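Residue numbers (my numbering): -8 to 313.
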């Protein structure tokens, strides 16, 4: 892919805040955005990176992470509420979301699919070519990620899940690598870290470790050790992939956003295929018309909510420019 002639502005840290702007409101908004990113991380098939792109903070997020050593204070001030929101979102909703997935999987994921599709205009508007000629590379940038994201659901999952309470030194090192893999969901839109964890046999053991063992005080030392290794991998992978994405957004902005759209759209069928396969024992529910009515209602609700968020963000930007 050739370097584009008219790249967008370099991915950068958040601009200096206006003195009249309510910093508390901005902090609270970023906490909510972080919560949305964290929630996406725990749903197989969804990507926190997709949510960040839809919410309009993707470039700021990867720029802040990539430049954390260069602009430490500014990066931390932006990333802190995002990280806090992610922790709160996962802690508050991991149980109800897992409950919804276990009993009503299709309606539950349809709500989040609606949220993803309803927010797509916030990304597709970045594909406007203005006076630049359309390039065939854009089609490739769209199709290849779309196919890659859709193909993830056809990779067979591990036949045996990992026993996190009987790991040797190599097992703990592998956990760090799994954390790096999981970080893909936080940075690359459309790539689901939770789906990758499912494929490698780590998703259910990690969820059970947090929801059951750690909360009930069972083998706390091992639980903390497992989560610490995962955290090291997540941080390392998050930083490395953010540096890569910042480079791509700077050199090939429109091509990169075509790829982001491809990843997001390709992940939609993957979400449903993964959900149906994982909860096949609930297939009897699918014959109920009310099941599908609720599914459609939740999909439309999710789409409406995310579209309203996009509309609000656009309105807010116009007001700030005046």
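Every residue, glycine too, gets a C-beta built ideally from N, C-alpha and C. Please read these numbers as outputs of a predicted model, since none were measured by experiment.
Check: Exposure of residue 208, with buried meaning 16 or more beta-carbon neighbours within 10 Å; Outcome: exposed
Check: Any non-hydrogen atom of the ligand PLP closer than 7 Å to residue 187 Cβ; Outcome: Ligands displayed in this structure: none; no statement on the ligand PLP is therefore possible.
Check: Distance CB(residue 26)-CB(residue 80) smaller than 8 Å; Outcome: yes
Check: Residue 49 versus residue 237: straight-line alpha-carbon distance, rounded; Outcome: 10 Å
Check: Residue -8 (DSSP reduced to helix, strand or coil); Outcome: Residue placement at residue -8 cannot be trusted, given a pLDDT of 47 that sits under 50; the coordinates are not used to answer.
Check: Cβ neighbour criterion (16 or more within 10 Å) applied to residue 115; Outcome: exposed
Check: Beta carbon of residue 164 nearer than 8 Å to that of residue 213; Outcome: no
Check: Cutoff 7 Å; reference residue 234; Cβ partners in own chain excluding five residues on either side; Outcome: 57
Check: Among 245, 269, 19, the one whose alpha carbon lies nearest that of residue 89; Outcome: 269
Check: Supposed contact pair residue 137 and residue 257 - C-beta distance, whole angstroms, cut 8 Å; Outcome: 4 Å
Check: Other residues of its chain near residue 178: CB distance less than 7 Å, five sequence neighbours each side excluded; Outcome: 40, 53, 229, 232, 233, 236
Check: Endpoints, the alpha helix (DSSP H) within which residue 246 is located; Outcome: 244 to 269
Check: Cβ neighbour criterion (16 or more within 10 Å) applied to residue 82; Outcome: exposed
Check: Cβ contact (3+ pairs, closer than 8 Å) linking the region 269 to 278 and the region 62 to 70; Outcome: no
Check: Simplified DSSP assignment, three categories, for residue 50; Outcome: helix
Check: 8 Å contact criterion, which residue 187 and residue 173 should meet: CB distance rounded; Outcome: 7 Å
Check: Residues of its chain near residue 222, where Cβ-Cβ distance is below 7 Å and the 5 sequence neighbours each way are ignored; Outcome: 170
Check: Residue span of the alpha helix (DSSP H) that contains residue 84, given as start and end; Outcome: 63 to 94
Check: Chain-order list of residues whose beta-carbon lies under 8 Å from that of residue 141 (same chain, five-residue window excluded); Outcome: 257, 258, 260, 261
Check: Cβ of residue 112 within 8 Å of any chain C Cβ; Outcome: The question asks about chain C, but that chain is absent: this structure has only one protein chain.
Check: Uninterrupted alpha helix (DSSP H) stretches inside the region 186 to 245 (no shorter than 4 residues); Outcome: 194 to 199, 211 to 242
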